[in-house]
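So the structure is just underneath, and the comments pick up after that.
2 protein chains.
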Amino acid sequence: MAMEHSGGGDPNRTLALLWRDRDAEPPVPARGRKPRFTIDEVVAAAVKLADAEGMAAASMHRVAKELGVGTMTLYTYVPSKEELIDLMLDVVLRERAFPGPGEPRPGDWRDQVRLYADRTRAMYRRHPWVQEVSMIRPSLGPGMMAGNEYLLSTMANLGLSPRDLAAAANAVAGLIESAAGVEAGRARLERLTGETEDTWWQRRSSFWERYFDVTEHPTIVQVWNDGGYDATDQSSCAFSFGLERILDGIASIVD
Amino acid sequence: MAMEHSGGGDPNRTLALLWRDRDAEPPVPARGRKPRFTIDEVVAAAVKLADAEGMAAASMHRVAKELGVGTMTLYTYVPSKEELIDLMLDVVLRERAFPGPGEPRPGDWRDQVRLYADRTRAMYRRHPWVQEVSMIRPSLGPGMMAGNEYLLSTMANLGLSPRDLAAAANAVAGLIESAAGVEAGRARLERLTGETEDTWWQRRSSFWERYFDVTEHPTIVQVWNDGGYDATDQSSCAFSFGLERILDGIASIVD
DNA sequence: AATTCAATCGTACAGCATACGGGAATGTAG
DNA sequence: CTACATTCCCGTATGCTGTACGATTGAATT
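Chains as they are written, first to last, in our numbering: chain A, 4 to 258; chain B, 4 to 258.
In structure tokens, the structure reads:
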């Protein structure tokens with residue numbers, strides 16, 4: 004074993020994979036056995052498994068079985084599992100298909116950010132396992148770059164300083180990832196454990212009876228009593244509330 | 004193996020552990036061998052390992068070795084690793100030591116939120132592994148509840164609807180976790196891999212030369228050229244910029 | 001047909017969480 | 001003092017993980 008998020012692999016190899024760079028590796032490829040799959044097929048198999056059963060299901064063994072090959076065969080396509088995850092992530096990031104530099108987009112900058120939010124959120128819905136993947140030192144793939152470019156571009160003409168523009172994009176992306184990640188995580192756990200959020204809370208009813216101290220948590224009690232936690236579309240409201248507030252906040256310093 | 008985030012354990016047992024409920028379990032505890040440790044000692048050992056080498060180092064085997072006992076001994080203190088993580092998390096959440104209901108706090112609500120942000124950020128600094136722990140369906144421990152209560156209370160008197168108050172606290176907490184998590188993740192990777200952010204980028208210099216398409220990413224290019232990514236305290240600025248903007252945004256709807 | 005080289009993949013190893021069952025230590029009851 | 005109950009301790013075993021290594025297979029060139 005090495006793994007451990009070490010990033011130990013050759014970055015050039017990883018980048019060549021992410022950008023599907025055919026010219027990078029094979030100097031004289033004419034000889035030898037033909038590969039049975041493309042990298043995209045391998046990645047698609049992994050994504051399919053992760054979609055259905057979460058990141059843990061996308062083990063090298065499971066992915067190989069899904070393709071009908073031996074486990075070690077995967078290592079001819081991908082140098083390690085880390086790179087496979089990078090490829091999985093970038094392929095679903097690319098699904099967001101944001102408008103490029105010259106292409107038409109919503110007129111208002113806020114609508115443009117909302118487009119980023121909606122498509123990112125939809126991506127998390129389709130692929131809840133994304134929430135399980137760390138985006139620290141992210142894979143520098145086309146999907147990630149396109150997303151960053153688009154989000155930056157939505158706010159590029161507001162008159163923010165370059166520093167503030169970067170920070171604003173950072174904050175907006177973080178908030179969206181956070182909110183969409185929570186949603187996705189909840190959905191994932193419901194599917195994986197077969198236990199709804201409601202029954203999860205029910206099984207913890209003793210918490211309120213036995214441990215929750217009302218005098219220590221007056222605000223929680225009050226919010227609860229006033230219906231602040233009622234479930235009417237709570238998730239969607241929370242998602243858009245935070246987004247709208249940070250957009251308000253950004254708007255407030257550009258006027 | 005079971006693990007798998009199944010939440011399969013008995014919630015009542017978990018809650019009793021989290022709240023250090025001595026009355027819950029032992030009906031007639033007078034007989035039998037004496038335990039060598041307290042739960043807190045076990046948790047402290049796990050936290051120590053995770054602080055030094057990340058979550059992966061806090062394996063049952065390593066924690067047991069740290070305590071000088073056999074691996075399986077841990078299971079007399081904790082029903083599974085999941086619960087151990089819950090306990091680790093709550094103990095560091097409690098370290099934030101927010102002022103309780105009656106206790107003195109900064110006058111301005113924004114300063115009160117900043118206190119939440121600063122202490123949470125400091126916690127991530129001390130314990131970077133927190134970033135690796137999922138807070139979906141969180142452990143309902145004292146540390147988590149105290150944090151939620153405090154953050155809610157900071158904005159309770161702004162005139163927000165209960166629904167909006169909950170959403171605002173949610174968004175603020177999400178943003179702070181996101182920003183502090185990125186910081187912590189970066190620091191963790193630097194320590195764990197021995198590779199600084201700079202050399203990580205250096206090793207990927209071929210990205211800019213070979214794959215990055217300038218015409219596809221004009222805004223990134225511009226922000227880069229204008230110094231938007233210059234490293235002067237970038238992290239701290241990004242952290243506070245996002246927080247201040249969302250506070251602005253919240254302020255903008257209460258006046 | 002022989003050669004060459006990449007793809008395939010069985011086996012092995014270290015590490016993981018943990019089920020199980022036996023052994024060790026401590027208290028009370030006889 | 002002995003017997004027993006109860007609890008902690010922990011060695012072993014199982015099935016999972018990623019992956020290093022080396023043997024084998026198959027296709028194209030010589």
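Heads up, the beta-carbon is just placed ideally off N, CA and C, and yes, glycines get one too. Owing to the predicted nature of the structure, the values given are computational and were not obtained by experimental measurement.
Between which two residues does the alpha helix (DSSP H) holding A/Ser255 run?
In the first sequence, residue 255 of chain A corresponds to position 252, counting from 1. Start and end: 237-255.
Whole-angstrom distance between A/Leu87 and A/Val81, CA atom to CA atom
Your numbering for residue 81 of chain A matches position 78 in the first sequence. Your numbering for residue 87 of chain A matches position 84 in the first sequence. Rounded to whole angstroms, A/Val81 to A/Leu87 spans 6 Å at the Cα level.
Alpha helix (DSSP H) containing B/Leu155: first to last residue?
Reading the second sequence from its first residue, position 152 is the one you call residue 155 of chain B. That run of the alpha helix (DSSP H) goes 145-157.
Burial state of A/Gln115, where buried means 16 or more other Cβ atoms lie within 10 Å
Working through the first sequence from its first residue, we reach residue 115 of chain A at position 112. Buried.
Does any CB atom of chain A fall closer than 8 Å to the CB of B/Ser181?
To locate residue 181 of chain B, count along the second sequence from 1; it is residue 178. Answer yes: the Cβ-Cβ gap between B/Ser181 and chain A drops below 8 Å somewhere.
Contact belief for A/Ile139 with B/Ile249 at Cβ below 8 Å, rounded distance in angstroms
Here the question's residue 139 of chain A lines up with position 136 in the first sequence. Here the question's residue 249 of chain B lines up with position 246 in the second sequence. Not quite, the Cβ-Cβ distance comes to about 22 Å (not below 8 Å), so this is no contact.
Verify the CB distance criterion: does B/Thr123 have a CB-CB separation below 8 Å to chain A?
Residue numbering aside, residue 123 of chain B sits at position 120 when the second sequence is read from its first letter. Chain A contact via Cβ: absent.
Can you name the residues of chain A whose CB is closer than 9 Å to the CB of B/Leu92?
For the purposes of this step, residue 92 of chain B is identified with residue 89 of the second sequence, where counting begins at 1. Within chain A, no residue comes near B/Leu92; the closest Cβ sits about 15 Å away, beyond 9 Å.
Could you check if B/Val217 is buried or exposed, using at least 16 other CB atoms within 10 Å of its CB as the buried criterion?
Reading the second sequence from its first residue, position 214 is the one you call residue 217 of chain B. The residue in question, B/Val217, is exposed, as its Cβ has fewer than 16 Cβ neighbours within 10 Å.
With distance defined between alpha-carbon atoms, name the residue in B/Ala49, B/Ala59, B/Ala55, B/Thr235 nearest to B/Lys68.
Walking along the second sequence from the start, residue 68 of chain B turns up at place 65. Comparing alpha-carbon positions, the option among B/Ala49, B/Ala59, B/Ala55, B/Thr235 lying closest to B/Lys68 turns out to be B/Ala49.
Closer than 8 Å to chain B by CB, A/Asp201
Stepping through the first sequence from its first residue, residue 201 of chain A is reached at position 198. Not an interface residue.
Tell me, please, whether the CB atom of A/Pro82 is closer than 8 Å to any CB atom in chain B?
The sequence position of residue 82 of chain A within the first sequence is 79, counting from 1. Output row for A/Pro82: interface = no.
Give me, in chain order, the residues of the same chain whose beta-carbon lies closer than 7 Å to that of A/Thr74; leave out the 5 immediate sequence neighbours on both sides.
Position 71 of the first sequence, counted from the first residue, corresponds to residue 74 of chain A. Taken in chain order, the residues that qualify are Met63, His64, Ala67.
Find the residues of chain B that neighbour A/Leu155, judging by a C-beta separation of less than 7 Å, and give them in chain order.
Counting from one through the first sequence, the residue named residue 155 of chain A turns up at place 152. Listed along the chain, the chain B residues whose CB falls inside 7 Å of the CB of A/Leu155 are Thr222, Ile223, Val226.
Which of helix, strand or coil DSSP assigns to A/Glu219:
Taking the first residue of the first sequence as 1, we reach residue 219 of chain A at position 216. Correct three-state label for A/Glu219: coil.
Which residues in the same chain have their Cβ closer than 8 Å to the Cβ of B/Ala53, if we skip the five residues on either side of it in sequence?
As a first step, residue 53 of chain B is located in the second sequence; it is residue number 50 there, counting from the start. For B/Ala53, where only same-chain residues beyond five positions count, the Cβ hits under 8 Å are Ala60, Ala61, Met91, His130, Trp132.
Please report the distance separating the alpha-carbon of B/Val95 from that of A/Gly105.
Looking up residue 95 of chain B in the second sequence gives position 92. Looking up residue 105 of chain A in the first sequence gives position 102. Whole-angstrom Cα-Cα distance: 49 Å.
With 7 Å as the C-beta to C-beta threshold (strictly closer), list the residues of the stretch 132-146 of chain A near chain B in chain order.
Within the stretch 132-146 of chain A, the qualifying residues are Ser137, Ile139, Arg140, Leu143.
Grab the span of the alpha helix (DSSP H) containing B/Pro14 for me, first residue to last.
Numbered from 1 along the second sequence, position 11 holds the residue referred to as residue 14 of chain B. First-last of the alpha helix (DSSP H) with B/Pro14: 14-21.
Whole-angstrom Cβ separation of B/Asp251 and A/Ser255, contact assumed at under 8 Å?
Taking the second sequence and counting its residues from 1, the one referred to as residue 251 of chain B is at position 248. Taking the first sequence and counting its residues from 1, the one referred to as residue 255 of chain A is at position 252. Indeed, because the Cβ distance is near 5 Å, the residues count as touching under 8 Å.
Taking three-plus beta-carbon pairs below 8 Å as touching, is the stretch 138-156 of chain A in contact with the stretch 209-223 of chain B?
yes
Going along the chain, which residues of its own chain have a beta-carbon closer than 7 Å to the beta-carbon of A/Gly12, five neighbours each way excluded?
As a working mapping, residue 12 of chain A is identified with position 9 in the first sequence. Once the five neighbours on either side are set aside, the close Cβ partners of A/Gly12 are Pro82, Ser83, Glu85, Glu86.
Using beta carbons (cut-off 8 Å, strictly below), is A/Val217 in contact with chain B?
Taking the first sequence and counting its residues from 1, the one referred to as residue 217 of chain A is at position 214. No, because no Cβ of chain B sits closer than 8 Å to the Cβ of A/Val217.
Cβ shell of B/Glu198 (< 6 Å), same chain only, five flanking positions each side left out
Counting from 1 along the second sequence, the entry for residue 198 of chain B is found at position 195. Excluding sequence positions up to five before and after B/Glu198, its CB lies less than 6 Å from no other CB in the same chain.
For B/Arg124, count the other beta carbons within 10 Å of its own beta carbon; 16 or more makes it buried, fewer makes it exposed. Which is it?
One-based indexing of the second sequence puts residue 124 of chain B at position 121. By the neighbour-count rule (16 or more Cβ atoms within 10 Å), B/Arg124 is buried.
Contact the stretch 155-171 of chain A vs the stretch 199-208 of chain B: 3+ CB pairs below 8 Å:
The stretch 155-171 of chain A vs the stretch 199-208 of chain B: no contact.
Less than 6 Å between C-beta atoms, sequence neighbours within five positions excluded: which residues of the same chain meet that for A/Ala47?
Working through the first sequence from its first residue, we reach residue 47 of chain A at position 44. For A/Ala47, where only same-chain residues beyond five positions count, there are no Cβ hits under 6 Å.
According to DSSP, simplified to helix, strand and coil, what is B/Met6?
The residue given as residue 6 of chain B occupies position 3 in the second sequence. Note that B/Met6 scores 48 on pLDDT, short of 50, meaning its location in the model is unreliable; the coordinates nonetheless yield the value given after this. In the structure shown, B/Met6 sits in coil (DSSP, three-state: anything other than H, G, I, E or B).
In this structure, how does DSSP classify A/Asp201 when only helix, strand and coil are distinguished?
For the purposes of this step, residue 201 of chain A is identified with residue 198 of the first sequence, where counting begins at 1. Note: A/Asp201 maps to helix in three-state DSSP.
Return no unless some Cβ of chain A is closer than 8 Å to the Cβ of B/Arg206.
Walking along the second sequence from the start, residue 206 of chain B turns up at place 203. Yes, B/Arg206 lies at the interface with chain A (some Cβ there is under 8 Å from its Cβ).
Can you give me the C-alpha to C-alpha distance between B/Met126 and B/Glu98, rounded to a whole angstrom?
Position 123 of the second sequence, counted from the first residue, corresponds to residue 126 of chain B. Position 95 of the second sequence, counted from the first residue, corresponds to residue 98 of chain B. Computed Cα separation, rounded: 7 Å.
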